[in-house]
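For reference, the structure discussed in these notes is given below.
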Amino acid sequence: MIRLSLLERARETLKLTLTTSIILLLFAGCAATRHAETRVNPPELIEKTILPPLPSNVSGELQLKLRLFIDEHGNVINVRLENPTGNAEWDSLAIERIYHWRYTPATANGSPIKIWISQTARVMSQTPRYLPLWEIVCGTKEIADSVIYALKSGARFDSLAAKYSLDPSKNNGGFIGLIDIYQLPQSAWPLLLNLEENNFTLPIKIGMYYIIYRRATRDINQ
Numbered sequence: 011m012i013r014l015s016l017l018e019r020a021r022e023t024l025k026l027t028l029t030t031s032i033i034l035l036l037f038a039g040c041a042a043t044r045h046a047e048t049r050v051n052p053p054e055l056i057e058k059t060i061l062p063p064l065p066s067n068v069s070g071e072l073q074l075k076l077r078l079f080i081d082e083h084g085n086v087i088n089v090r091l092e093n094p095t096g097n098a099e100w101d102s103l104a105i106e107r108i109y110h111w112r113y114t115p116a117t118a119n120g121s122p123i124k125i126w127i128s129q130t131a132r133v134m135s136q137t138p139r140y141l142p143l144w145e146i147v148c149g150t151k152e153i154a155d156s157v158i159y160a161l162k163s164g165a166r167f168d169s170l171a172a173k174y175s176l177d178p179s180k181n182n183g184g185f186i187g188l189i190d191i192y193q194l195p196q197s198a199w200p201l202l203l204n205l206e207e208n209n210f211t212l213p214i215k216i217g218m219y220y221i222i223y224r225r226a227t228r229d230i231n232q
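This is the structure:
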């Protein structure tokens, strides 16, 4: 889960729209052979560090063509920038930050695997939208549905987070702080933009997980 320092706030941040394709499958167990019957679910970005401001030679938006090697835990092990911007300092800093991105593990027939992916990141300026958020990260849809039922029945969000969430934020009752929602997975944006104070979302499927967000009462937008 992203943790944004208040010192990193700016009038503009960078919004990423990602397109992913599998380009090479490696080491599913001890085998390196990809079989036609293998069902591969690609990794999904769930946590990202903010990229540096757009380089001076780029205006509006930028498309980065990336080749990433992601291990069976969702860590980025290798980053290759296929289309350098012409600003070596910016490219180096961007690559350094991409190493801190986290993904859901890719799976082959349900088992986590290491994988190379090709990813195109469309980077553009975006006014940040900060919300104070709580979260419950559930491992299955059934658990997420039971959490929603309990919330609708009046159960406390922090108690349910402590009991069911798979994220370390459970130790804080699920509170994750002031978050720029554009640094969260894109599928969460429309729900969070329309979420009223003290309300919670329905489960949002992100990779293998189902995440429920709750908006706290305090809001910061500058």
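Using my numbering, read the sequence shown as starting at 11 and increasing by one per residue. Just so it is clear, CB atoms sit at the ideal spot from N, CA and C, and this is done for glycine as well. In this text the structure is predicted, and so the values were computed from the model without any measurement.
Please list, in chain order, all residues of the same chain as residue i whose beta carbon is under 6 Å from its beta carbon, the five residues on each side excluded.
i	result
ALA198	ILE214
Can you give me the start and stop residues for the alpha helix (DSSP H) that residue i sits inside?
i	result
ALA226	No alpha helix (DSSP H) contains ALA226, which DSSP labels as neither H nor E.
LYS151	151-162
Between which two residues does the beta strand (DSSP E) carrying residue i extend?
i	result
PRO195	Taken as a continuous stretch (DSSP letters only), PRO195 belongs to no beta strand (DSSP E), as it is neither H nor E.
ASP168	No beta strand (DSSP E) contains ASP168, which is instead part of the alpha helix (DSSP H) from 167-174.
ILE108	No beta strand (DSSP E) contains ILE108, which is instead part of the alpha helix (DSSP H) from 98-108.
ASP77	Contrary to the premise, residue 77 reads as Arg rather than Asp in this sequence. Segment 71-80, the beta strand (DSSP E) holding ARG77.
GLU57	55-57
PRO142	140-148
ASP235	This structure cannot settle anything about residue 235, because the visible part of the chain is limited to 11 through 232.
ARG214	Sequence inspection shows Ile at residue 214; the Arg mentioned does not correspond to that position. Note, ILE214: beta strand (DSSP E), 214-216.
Going by C-alpha distance, which of the options is nearest residue i?
i	options	result
ILE7	ALA116, THR117, VAL133 and THR137	No answer is possible for residue 7: it lies beyond the span of the chain, which begins at 11 and ends at 232.
LEU64	LEU170, GLU57 and LEU72	LEU72
ARG225	MET218, GLY217 and ASP190	ASP190
THR130	LYS173, SER169, LEU55 and GLY70	LEU55
ALA171	LEU201, ASN182 and SER102	ASN182
TRP144	ASN119, SER121, ASP177 and TYR159	ASP177
ARG90	SER102, ARG77, ASP101 and GLU82	ARG77
VAL86	TRP100, LEU194 and HIS110	HIS110
Check whether the Cβ atoms of residue i and residue j sit closer than 8 Å, and answer yes or no.
i	j	result
LYS75	ASN93	yes
TYR219	VAL147	yes
ILE186	SER175	no
GLU82	ILE123	yes
ASP168	GLY184	yes
LEU205	THR211	yes
PRO142	LEU194	no
Leaving out five residues on either side along the sequence, give the residues of the same chain with a beta carbon under 8 Å from the beta carbon of residue i.
i	result
ASP155	PRO213
PRO53	THR30, ILE80, GLY84, TYR113, THR114, PRO115, ALA116, ILE125, ILE127 and GLY217
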